[in-house]
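Just so you know, the protein sequences line up as chains A and B, in that order.
Heads up, the first sequence is in this note's numbering, so the first residue is 31 and it goes up one at a time.
Heads up, the second sequence is in this note's numbering, so the first residue is 32 and it goes up one at a time.
Beta carbons are placed, not taken as given, at the ideal position from N, Cα and C, and that holds for glycine.
What follows is a single structure, written as structure tokens, with notes after it.
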Amino acid sequence: MSAGTGSAPDGSGPPAHALNSGPATPVSVVACPNGPLLIRGDFELIGPDGNELPRTRRTVALCRCGASVLKPYCDGSHKLTGFRSDP
Amino acid sequence: MKQPSPRGEAGALLLAVIGGTGGSGREDLARLDAVVEAAVARTPDILHDDDLQLTLFCLYELHYSGIDGVVDDWEWDLQLLGVRQRIEAAFEARVRAEAVVGALPEATSEAVCAELFRLTGEDSGPSMSRFVAKTATHDQLREFLVHRSISQLREADPHTWAIPRLAGRAKAALVEIQADEYGNGLLARMHSSLFARTMRELGMDDAYGAYLDAAPAITLASNNLMSLFGLNRRLRGAIVGHLAAYEMTSSLPNRLYSRGFARHGYGDAATGYFDEHVEADAVHEQIAGRDMAGGLVESDPQLLPDVLFGAAAALAVDSLMTARIMAAWEEGRSSLRPSEAMAS
């Protein structure tokens with residue numbers, strides 16, 4: 031916690047993933063069986079136009095079944111489609 | 032919260048004693064204990080017992096935000112704790128009979144996670160989310176919010192009791208989930224704030240407990256279950272399993288709930304709560320299953336049965352709640368108890 035990074039109580043502060051200060055945390059990716067890729071740590075998600083994608087949380091789940099309507103984020107659709115991650 | 036209307040002898044006596052309107056002597060508390068003992072002995076089903084569920088709800092409320100007109104000291108009154116334990120013992124026994132845990136998986140993170148996904152993926156009774164998406168009337172949307180308001184206006188709080196009871200990987204995972212539930216420090220993004228905004232969009236009172244009198248026993252039971260698991264350290268495995276089950280049964284239904292409110296012409300201010308849960312809980316369910324529940328079992332394998340019991344209990348009690356609401360709606364009735372709050 032530091033005095034300079036407080037955010038307005040109305041939600042207009044910096045994005046949630048930018049709130050922590052200090053040295054960068056290494057990025058880890060968990061390939062969840064039959065589910066998404068869970069990404070933790072300090073990373074940026076960039077769109078094809080080079081701009082950062084809208085993001086409201088530090089840890090994200092990226093779709094890898096192709097069925098999410100929130101791509102690139104997971105929306106749980108893999109459970110409906112019976113997606114299997116094992117070869 | 033404001034004092035609710037009692038639903039029977041036990042609740043009336045409790046509220047009179049702690050509200051200071053009826054005696055507050057030790058003999059009144061002894062009488063309360065006797066009344067509760069008799070009520071527990073004769074109830075046909077404590078899950079649907081309005082008097083006992085409201086009494087338990089009020090006893091738990093002393094540990095949360097309190098009840099208007101009730102002095103804070105009642106929270107740790109030994110006689111009241113004794114009354115609470117009487118109801119809790121019967122409640123837990125009833126839930127354990129309802130939520131039977133099958134064969135146990137290996138006590139590894141991945142096996143626990145897979146079993147929780149299997150358990151929560153089983154179809155259990157009628158789907159309220161599909162009904163809300165396609166069919167629910169505007170009045171039914173309001174009823175839906177009343178049922179949900181009892182937990183969602185203080186979303187995440189019962190599971191937060193578990194934080195100091197966990198350590199290591201499981202604790203880090205629980206805190207990661209809860210931080211998101213509380214908006215990562217942004218009040219407007221706190222899930223309870225998002226739910227309050229949805230209620231206001233439908234012209235409803237967003238004060239905690241405003242519609243408590245309208246909530247039937249089984250809705251209170253669903254909330255009491257979380258407090259039972261959260262407030263008793265011996266049930267830390269169950270509160271963890273409960274949260275995992277909630278996270279794993281959230282993304283897809285919330286997408287449908289959002290659709291139901293959009294169908295009635297509501298915009299982002301009303302659907303934001305549900306939309307947020309689609310994305311958030313797709314993240315949370317992975318953390319909850321693997322790192323929180325799996326991590327807890329790996330560090331303390333003896334907790335494995337209770338982790339699965341907590342998940343099964345969450346599904347069983349909420350399935351009874353859904354069945355009751357859907358049965359009322361299918362018969363064209365309200366799923367709520369008659370109350371002044373909903374009449375206004």
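Distance cut-off 6 Å: residue i Cβ against heavy atoms of the ligand ZN
{"i": "M235 (chain B)", "result": "For the structure depicted, the ligand ZN is absent and the ligand set is empty, with no information on it obtainable."}
Spatial distance of residue i from residue j (CA atoms)
{"i": "R127 (chain B)", "j": "Y95 (chain B)", "result": "25 Å"}
{"i": "A342 (chain B)", "j": "L251 (chain B)", "result": "18 Å"}
{"i": "R173 (chain B)", "j": "M32 (chain B)", "result": "20 Å"}
{"i": "A324 (chain B)", "j": "V338 (chain B)", "result": "7 Å"}
{"i": "Y239 (chain B)", "j": "P78 (chain A)", "result": "44 Å"}
{"i": "V57 (chain A)", "j": "V90 (chain A)", "result": "12 Å"}
{"i": "S158 (chain B)", "j": "P369 (chain B)", "result": "24 Å"}
{"i": "P102 (chain A)", "j": "P35 (chain B)", "result": "46 Å"}
{"i": "F336 (chain B)", "j": "D188 (chain B)", "result": "Before going further, note that residue 336 (chain B) is Pro rather than Phe in the sequence given. The alpha-carbon atoms of P336 (chain B) and D188 (chain B) are separated by roughly 24 Å."}
{"i": "R290 (chain B)", "j": "S160 (chain B)", "result": "9 Å"}
{"i": "A374 (chain B)", "j": "A359 (chain B)", "result": "18 Å"}
{"i": "H222 (chain B)", "j": "E58 (chain B)", "result": "43 Å"}
{"i": "L75 (chain A)", "j": "R117 (chain B)", "result": "53 Å"}
{"i": "A227 (chain B)", "j": "Y288 (chain B)", "result": "16 Å"}
{"i": "F98 (chain A)", "j": "G216 (chain B)", "result": "First, the residue type needs correcting, since residue 98 (chain A) is Ser and not Phe in the sequence shown. Cα to Cα, S98 (chain A) sits roughly 28 Å from G216 (chain B)."}
{"i": "H169 (chain B)", "j": "D236 (chain B)", "result": "16 Å"}
{"i": "T191 (chain B)", "j": "A72 (chain B)", "result": "32 Å"}
{"i": "D72 (chain A)", "j": "A65 (chain B)", "result": "58 Å"}
{"i": "Q171 (chain B)", "j": "S253 (chain B)", "result": "19 Å"}
{"i": "M257 (chain B)", "j": "P63 (chain A)", "result": "29 Å"}
{"i": "S140 (chain B)", "j": "Q209 (chain B)", "result": "20 Å"}
{"i": "A121 (chain B)", "j": "L92 (chain A)", "result": "44 Å"}
{"i": "R354 (chain B)", "j": "V163 (chain B)", "result": "Reading off the sequence, residue 354 (chain B) comes out as Ala, not Arg. One C-alpha to the other measures close to 14 Å."}
{"i": "D103 (chain B)", "j": "G261 (chain B)", "result": "20 Å"}
{"i": "A311 (chain B)", "j": "R114 (chain A)", "result": "22 Å"}
{"i": "G100 (chain B)", "j": "V309 (chain B)", "result": "39 Å"}
{"i": "L346 (chain B)", "j": "V143 (chain B)", "result": "17 Å"}
{"i": "E68 (chain B)", "j": "D105 (chain A)", "result": "47 Å"}
Cross-strand partners of residue i (DSSP beta bridge)
{"i": "V114 (chain B)", "result": "Per DSSP, none; premise fails for V114 (chain B)."}
{"i": "R318 (chain B)", "result": "Residue identity differs from the one stated: residue 318 (chain B) is Ile in this sequence, not Arg. In DSSP, I318 (chain B) forms no bridge with anything."}
{"i": "V90 (chain A)", "result": "A:I69"}
{"i": "A61 (chain A)", "result": "A:L67"}
{"i": "I76 (chain A)", "result": "A:E82"}
{"i": "Y103 (chain A)", "result": "A:L92"}
Contact set between residue i and chain A, taken where Cβ atoms lie within less than 7 Å
{"i": "E310 (chain B)", "result": "L100, Y103 and D105"}
{"i": "E207 (chain B)", "result": "T89"}
{"i": "G152 (chain B)", "result": "K109"}
{"i": "R286 (chain B)", "result": "D105"}
Cutoff 7 Å: residue i Cβ touching any chain A Cβ
{"i": "D299 (chain B)", "result": "no"}
{"i": "S282 (chain B)", "result": "yes"}
{"i": "D211 (chain B)", "result": "yes"}
Within chain B, the residues that residue i reaches when beta carbons sit closer than 7 Å
{"i": "G112 (chain A)", "result": "By Cβ distance, chain B contributes nothing, its closest Cβ being about 10 Å from G112 (chain A), past 7 Å."}
{"i": "G65 (chain A)", "result": "Q317"}
Under 9 Å from the C-beta of residue i: neighbouring residues of chain B
{"i": "L68 (chain A)", "result": "V314, Q317, I318 and R321"}
Where residue i meets chain A, residues with beta-carbon distance less than 8 Å
{"i": "D349 (chain B)", "result": "Correct list: empty, because the minimum Cβ distance to chain A is about 17 Å."}
{"i": "N263 (chain B)", "result": "Chain A residues near N263 (chain B): none, gap ~30 Å exceeds 8 Å."}
{"i": "N255 (chain B)", "result": "Simply none; closest approach about 28 Å."}
C-beta neighbour in chain B for residue i, strict 7 Å
{"i": "C62 (chain A)", "result": "yes"}
{"i": "P84 (chain A)", "result": "no"}
{"i": "A97 (chain A)", "result": "no"}
{"i": "D116 (chain A)", "result": "no"}
Contacts of residue i in chain A (Cβ-Cβ under 9 Å)
{"i": "A145 (chain B)", "result": "P63 and N64"}
* Asked: Hey, is the segment 281-301 of chain B in contact with the segment 329-345 of chain B, meaning 3+ C-beta pairs nearer than 8 Å?
  -> Fewer than three pairs of CB atoms, one per stretch, sit closer than 8 Å, so the segment 281-301 of chain B makes no contact with the segment 329-345 of chain B.
* Contact between the segment 82-93 of chain B and the segment 128-137 of chain B: three or more CB pairs below 8 Å? -> Here the segment 82-93 of chain B makes no contact with the segment 128-137 of chain B; the two share fewer than three CB pairs at distances below 8 Å.
* Would you check if there are 3 or more beta carbon pairs closer than 8 Å linking the segment 239-249 of chain B to the segment 294-312 of chain B? => Flag = no, the segment 239-249 of chain B and the segment 294-312 of chain B do not touch.
* To do: Could you tell me whether the segment 302-319 of chain B touches the segment 58-74 of chain A, using the rule of 3 or more Cβ pairs below 8 Å?
  => Yes, the segment 302-319 of chain B is in contact with the segment 58-74 of chain A.
* Asked: Okay, do the segment 142-155 of chain B and the segment 97-107 of chain B touch, 3+ Cβ pairs below 8 Å being the bar?
  -> The answer is no - the segment 97-107 of chain B does not touch the segment 142-155 of chain B, with fewer than three Cβ pairs under 8 Å.
* To do: Could you tell me whether the segment 199-210 of chain B touches the segment 263-276 of chain B, using the rule of 3 or more Cβ pairs below 8 Å?
  => With a cut-off of 8 Å, the segment 263-276 of chain B and the segment 199-210 of chain B count as touching, because enough Cβ pairs lie within range.
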